[in-house]
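Residue numbers (full-length UniProt numbering): 1 to 434.
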């Protein structure tokens, strides 16, 4: 089944086949040896379906805000197309036609739906394989690189000054799931997290690797702990820095991709305990990483970005740096009313207590740096970025923000945001001259 789950759902044969079948099905439904009444009815059905799609998008995304923000614009044509096609198929089924034509019309509904699903997914571009669309992880595990020693304290000089690339330095790093026998135990939390993934830069794969900075990364919701995005971003940056990059551990803060536990110990499990008391001790024991907070970064994308800000605000003695890529300004900010009701039983004070603004107001920050990004075509998350940055700056954080030209709330902002924020992080973590 690996070949099936590995099918490209962004720009691969499966997409081309479904697009072709949809076009053929639409032509088959429209073209008939019939009179003007059919063609007029078909045109009305297509127009009605398109208008219904626009009305549904407006109601669901703009009025009811059921998904915490507007639909990505490049996804709208796919919904318009599927609504129009299905409306035409329903008209065909109800018309005086043969049973064969009715069966094909039903099949067209399924094809139209599948095509639109891939189209909308492709507009976001974050789930790149059929497996990732269905949250099935089939990437092969990579070997855990066991540290030969435990770093103690800060090195006397930053790595960019002392690192001399050895002859065995590979051109690229490696990323993938942790081996089954080396998965992070949930001893303290009991949280049913999906397997974490890890990225090792080229400098971590040599015979005598240096201790490297550490990044803890979380993806969005719905989403998976996929190291592909930060791995590819860091590989590109490492190529410009003699193979140097942080070791990045991508963990699951959701458990179930259909829910958002808000990064805390709550209704959906002890996520915060998992991250702070299971993941971090495991990282210290199993990864050859530096130990100082200024070398530790908590990062996240979208809902994961809100977790990064939350953990950075609450645990400055652990994380000296925060990276939020298209992140929410506080956990659950996309759907605050729903989260207030579901997660806090309507207790506004309890909800406010976990917001970074509340935590920052009563915490002293000696040395925290933050790197925030959002796409210029993503107005909702750009506003969230600006508010989060202003709050963090007022609390004493040193903040940099990055606007990703043309970026929406999908892969364009994810890749662009990771590239810019992580490059800006390099001087801070000693991998580049300040």
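Note that the Cβ used here is the ideal one computed from N, Cα and C, for glycine as well.
Rank the options by C-alpha distance to the C-alpha of residue i and give the top, closest one.
i, options, result
"residue 160", "230, 79, 224 and 244", "244"
"residue 189", "167, 229, 266 and 199", "266"
"residue 44", "3, 78, 86 and 177", "86"
"residue 20", "289, 60, 203 and 111", "111"
"residue 299", "178, 324 and 389", "324"
"residue 88", "42, 130 and 59", "42"
"residue 328", "242, 307, 176 and 81", "307"
"residue 361", "186, 65, 81 and 313", "313"
"residue 229", "415, 33 and 371", "415"
"residue 172", "158, 133, 242 and 181", "242"
"residue 35", "95, 356 and 74", "95"
"residue 405", "128, 364, 378 and 391", "378"
"residue 7", "75, 84 and 136", "136"
"residue 193", "114, 278 and 134", "278"
"residue 431", "12, 120, 163 and 66", "163"
"residue 371", "283, 326, 339 and 316", "326"
"residue 283", "419, 363 and 185", "185"
"residue 131", "15, 3, 57 and 240", "3"
"residue 239", "195, 276, 170 and 39", "170"
"residue 301", "39, 413 and 195", "413"
Pull up the DSSP beta-bridge partners for residue i, would you.
i, result
"residue 155", "Paired residues: none, contrary to the question."
"residue 323", "299 and 371"
"residue 177", "197"
"residue 403", "374"
"residue 360", "Partner(s): none; residue 360 has no beta bridge."
"residue 289", "212"
Tell whether a beta-carbon distance below 8 Å holds between residue i and residue j.
i, j, result
"residue 334", "residue 69", "yes"
"residue 376", "residue 403", "yes"
"residue 321", "residue 433", "no"
"residue 191", "residue 231", "no"
"residue 237", "residue 287", "no"
"residue 212", "residue 202", "no"
"residue 400", "residue 374", "no"
"residue 264", "residue 354", "yes"
"residue 80", "residue 53", "yes"
"residue 18", "residue 118", "yes"
"residue 222", "residue 177", "no"
"residue 227", "residue 199", "yes"
"residue 318", "residue 357", "no"
"residue 46", "residue 84", "yes"
"residue 128", "residue 10", "yes"
"residue 75", "residue 145", "no"
"residue 175", "residue 197", "yes"
What number of angstroms, rounded off, separates the C-alpha of residue i from the C-alpha of residue j?
i, j, result
"residue 139", "residue 280", "24 Å"
"residue 78", "residue 380", "22 Å"
"residue 310", "residue 285", "24 Å"
"residue 435", "residue 382", "Outside the modelled stretch of the chain, which goes from 1 to 434, sits residue 435, for which no answer is possible."
"residue 216", "residue 234", "13 Å"
"residue 61", "residue 116", "17 Å"
"residue 385", "residue 330", "10 Å"
"residue 155", "residue 253", "32 Å"
"residue 147", "residue 179", "16 Å"
"residue 344", "residue 224", "25 Å"
"residue 187", "residue 273", "10 Å"
"residue 5", "residue 183", "22 Å"
"residue 82", "residue 30", "15 Å"
"residue 250", "residue 366", "27 Å"
"residue 219", "residue 417", "13 Å"
"residue 271", "residue 63", "31 Å"
"residue 389", "residue 305", "12 Å"
"residue 99", "residue 25", "16 Å"
"residue 303", "residue 93", "43 Å"
"residue 359", "residue 369", "16 Å"
"residue 27", "residue 143", "51 Å"
"residue 420", "residue 158", "21 Å"
"residue 13", "residue 316", "47 Å"
"residue 66", "residue 114", "22 Å"
"residue 15", "residue 165", "42 Å"
"residue 339", "residue 332", "6 Å"
How about the stretch 254–274 and the stretch 195–207: do they share at least three Cβ pairs that are nearer than 8 Å? no
Is it the case that the stretch 290–304 contacts the stretch 335–348, given that we only count it when at least three CB pairs across the two stretches are under 8 Å? no
Assess, as a yes-or-no matter, whether the stretch 398–414 is touched by the stretch 121–135 under the definition of 3 or more beta carbon pairs within less than 8 Å. yes
If we count Cβ pairs, one from each stretch, closer than 8 Å, do we get three or more for the stretch 391–399 versus the stretch 95–110? no
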